[in-house]
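Working notes, structure below.
There are 2 protein chains.
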Amino acid sequence: MTIQTKFSRLGTDNAPGQEVRHASGSVESLLRGDKLAGRPVDFSHGDVDAFTPTPGSFEAFSAGVAAGGRQAYTEYRGDMGIREELAERLAAFTGAPVDGREGMIITPGTQGALFLAVASTVSRGDKVAIVQPDYFANRKLVEFLEGEMLPVRLNYMTTEGRAGLDLGQLEDAFKAGARVLLFSNPNNPVGVIYSRAEIETIAALARKYGATVIVDQLYSRLLYAGAPYTHFRAQAVDAENVVTIMGPSKTESLSGYRLGVAFGSRQIISRMEKLQAIVSLRAGGYSQAVLHTWFNEPQGWMEQRISAHQVIRDDLLNVFRSTEGIAVRTSEAGSYIFPGLPELVVSGGDFVRILRLQADVTVTPGTEFAPFSGNSVRLNFSQDHAAAVAASERLVALVERYRA
Amino acid sequence: MTIQTKFSRLGTDNAPGQEVRHASGSVESLLRGDKLAGRPVDFSHGDVDAFTPTPGSFEAFSAGVAAGGRQAYTEYRGDMGIREELAERLAAFTGAPVDGREGMIITPGTQGALFLAVASTVSRGDKVAIVQPDYFANRKLVEFLEGEMLPVRLNYMTTEGRAGLDLGQLEDAFKAGARVLLFSNPNNPVGVIYSRAEIETIAALARKYGATVIVDQLYSRLLYAGAPYTHFRAQAVDAENVVTIMGPSKTESLSGYRLGVAFGSRQIISRMEKLQAIVSLRAGGYSQAVLHTWFNEPQGWMEQRISAHQVIRDDLLNVFRSTEGIAVRTSEAGSYIFPGLPELVVSGGDFVRILRLQADVTVTPGTEFAPFSGNSVRLNFSQDHAAAVAASERLVALVERYRA
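Residue numbers (the UniProt record's numbering), protein chains in the order written: chain A, 1 to 404; chain B, 1 to 404.
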């Protein structure tokens, strides 16, 4: 594959956060009616001004700067003391041992961990099972590495009490040669949690076919009332075939520090470090010190953060569900909702641009997450409460205006 | 190539900063005599406690945190305002226009920029001209991307008034199909500067063969008295075929913030951004704010920093040159020296481990930079002055002890 072909497949024009690079010209001729006034809301990512970083995070960073050279220049896989401290907390959280010395790496964001994990397990021509819909970068990572993607459908609208993974299709993917499965749990963009039975079946299939499983658990701390969560790594038989990825960028609003961790398989973590050495050397040394605050937040802080998100979720679900033809599953975790819109006179992609232009509302088009999700949009509702509700009302007003 | 093969070629055991992962057992049987007492010095990287970060850098970071969401979530290529500010300063520094909007990307360290630049220009089977000796990651990047490396020799010991690049070998590499040249100027590990004539010839050859040139100018601000420096991008005929990489991690001691920039070719920068979106999303948002201090240091600060380094360089050269059989070229820029040692009774790699064990002195083995540099070691002399001199004296004492 030429470098031109490789990069032509790597479009980021519709990726969250890149909307600033759009020209608006293309939809001018489709516009109906006037602009809707209201405070702009960017649902493409959480608003860290509405939900501010963990208390003490800046102080931890400052202490890192004050520590000087030993904090600036850590091992490529991150500071050993911090790794050992986190290993203990992550073992308690996930219910299985974590080897901070040999089985953990600190990365520049969870995106960094995802890239390193996939690039350490997938080579050209390798088959990889990818859930649809799922985090938009998963597909791009496989494409960049010239792997072959075997999609596995998540039937999230027709199931209850489980995420809805098509387990038959997953086994077919393994039978067809997939030796890596990559998925997010809670799922991004839908916000569903895999049931214990689903996790156990995935673990059994991975064992049967000798597959490596990479689980992106970025949102696994932000669970709404009553949501039971099963950590894949605690169910897996062969811990050397599992890499779990987490980070404090979302629930904890620490995205500006660019921190993620991957833990599990010593062999894969060792490869990830070799690769990190040539990709970015290490996660920012001073930033690593911020991890002292992670899983170490003030008493009651996380509960408060979760309940504040749950209220916004409920209000947004109400707005969408009172509109004819909008279908949306209740998020069980995380801060995404993924409503499916009714048929419109414009394409899903154009509607997203119109929404930005006429209502100052930014959402991410569903096609970023699955080729068949063109009528859905993803909203990250980690926003100012009132602004998020008002912006959702503008969204449904435009749905009415452009309804087919 | 299987993933196992790919990673077996990516060794980082001897990479700078990874010495903490060494077991000492392997050299125990080779040891002669007792330990040499003295303050430990880690010459594998600069000591940011001896040469501290740019004044105002932490305050700039703090202002970034205070700015909140808009600083945490920048475009993937980095904050537009910062890019435009830097574009002006980098154009003035390098003597050719810089397009901050379309022709620049901010990356997690210069390592991040190097990875993205090479991965955006080199695909499997592509031929790449790589200088030897040169920065150790250059070779690994090409290997990871399954490119084919065509080495071009730098005859740095037998030349004066120029770096010593074998220009005939460079043309042969282009004739053999290399369409990318990657090199550092000033050279890492030797510290030599390419002459204007060398730069002009490289530019003419790149033009003749339609090659893309990636120039790592990480040390181009730390020039010693009288050293003339020629910016490649100002000599190149087709600016779209050049990417220049710089960053504040070394001279400015800002490595803990993980910042680099690449600028030049709009097409390559655009690919780099697409790739950054799946590799690490962006350079840390708050860290980007530290770039306000870059090329914007207090009056006289840079001159003072350069002269302090020059004094250390001169003292270290004296120590090495008063030892029979050590050959070393005077560094013209940067903070590296690359002495060649006389024949020893132990291998170069073992000597490096012995040095760490018996003298608390860490250096990087020459084989990281060229296969034929096994008798050289690299020292980053951005260190406490007295400690660096004493550590160099311990190094030569062990050369005497292990001399063949």
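The beta carbon of each residue, even a glycine, is placed where N, CA and C say it ideally should be.
A Cβ of chain B is located within less than 9 angstroms of the beta carbon of T121 of chain A. In this structure, V261 of chain A lies near L86 of chain A, with their beta-carbon atoms less than 9 angstroms apart. A check of alpha carbon separations from R266 of chain B across B:G285, B:A308, B:T212 identifies B:T212 as the nearest. Close partners of F43 of chain B in chain A (Cβ separation under 8 angstroms) are lacking, with about 12 angstroms as the shortest Cβ gap. Taking 8 angstroms as the upper bound on Cβ-Cβ separation, chain B lies near residues L275, A277, I278, V279, S280, L281, R282, A283, G284, G285, Y286, S287 of the stretch 275-288 of chain A. Taking the Cβ atoms as the reference, M272 of chain B lies roughly 19 angstroms from E146 of chain B, outside the contact range of under 8 angstroms.
At the C-beta level, T121 of chain B and Q217 of chain B stay beyond 9 angstroms of one another.
V98 of chain A is not a Cβ neighbour of P133 of chain A, given a cutoff of 9 angstroms. In the structure shown, Y286 of chain B adopts helical secondary structure according to DSSP, grouped into three states.
Bridge partners of Y336 of chain B according to DSSP: B:N380.
Between L281 of chain A and V389 of chain A, the C-beta gap is not smaller than 9 angstroms, which leaves the two residues out of contact. Residue burial annotation: P228 of chain B is exposed, with fewer than 16 other C-beta atoms found within 10 angstroms of its C-beta. For S255 of chain B, at least one C-beta of chain A is nearer than 9 angstroms to its own C-beta.
A distance of 9 angstroms or more separates the beta carbons of V319 of chain B and V352 of chain B.
A straight-line Cα-Cα distance of about 7 angstroms links T230 of chain A and S195 of chain A.
Of all residues in the stretch 65-83 of chain B, the ones placed with a Cβ closer than 7 angstroms to any Cβ belonging to chain A are V65, G68, G69, Q71, A72, Y73, E75, Y76, in chain order. In chain order, G285 place their CB closer than 6 angstroms to the CB of A72 of chain A, counting only its own chain and leaving out the 5 sequence neighbours on each side. In the pairwise beta carbon analysis, the stretch 232-242 of chain B is classified as not touching the stretch 147-154 of chain B: fewer than three pairs are separated by under 8 angstroms. Along the stretch 135-149 of chain A, going in chain order, the ones with a CB nearer than 7 angstroms to a CB of chain B are A137, K140, L141, F144.
With contacts defined by Cβ atoms closer than 9 angstroms, N380 of chain A and H45 of chain A form a contacting pair. Check the Cα spacing between E368 of chain A and each of A:R9, A:A63, A:M302, A:G177: the tightest is with A:R9. The Cβ of P365 of chain B sits no closer than 9 angstroms to any Cβ of chain A. Among the residues facing chain B, Q304 of chain A is not included, as its CB has no counterpart in that chain under 9 angstroms away.
The straight-line gap separating the alpha-carbon atoms of M104 of chain B and R83 of chain B is approximately 7 angstroms. At least one CB atom of chain A sits nearer than 9 angstroms to the CB of A15 of chain B. Per DSSP, the continuous alpha helix (DSSP H) segment holding A388 of chain B begins and ends at 385-401.
Per DSSP, the unbroken alpha helix (DSSP H) holding E59 of chain B starts and ends at 57-67. When rounded, the separation of the alpha-carbon atoms in V180 of chain B and L114 of chain B is 13 angstroms. Judged by DSSP secondary structure, E324 of chain A falls outside any beta strand (DSSP E); it is assigned neither H nor E. By the neighbour-count definition (other C-beta atoms within 10 Å, threshold 16), F183 of chain A is a buried residue.
For S62 of chain B, the nearest beta carbon of chain A is closer than 9 angstroms to its own beta carbon.
Contact with chain A is found for T107 of chain B, since one of that chain's Cβ atoms lies less than 9 angstroms from the residue's Cβ. Counting only Cβ-Cβ distances below 9 angstroms, G112 of chain A has contacts in chain B at P108, V279, S280, L281, in chain order. Secondary structure at T230 of chain B: coil, using DSSP grouped into helix, strand and coil.
From the beta-carbon of R356 of chain A, no residue of chain B is found nearer than 7 angstroms; the closest lies around 15 angstroms away.
S322 of chain B sits away from S382 of chain B, with the two beta carbons spaced by 9 angstroms or more.
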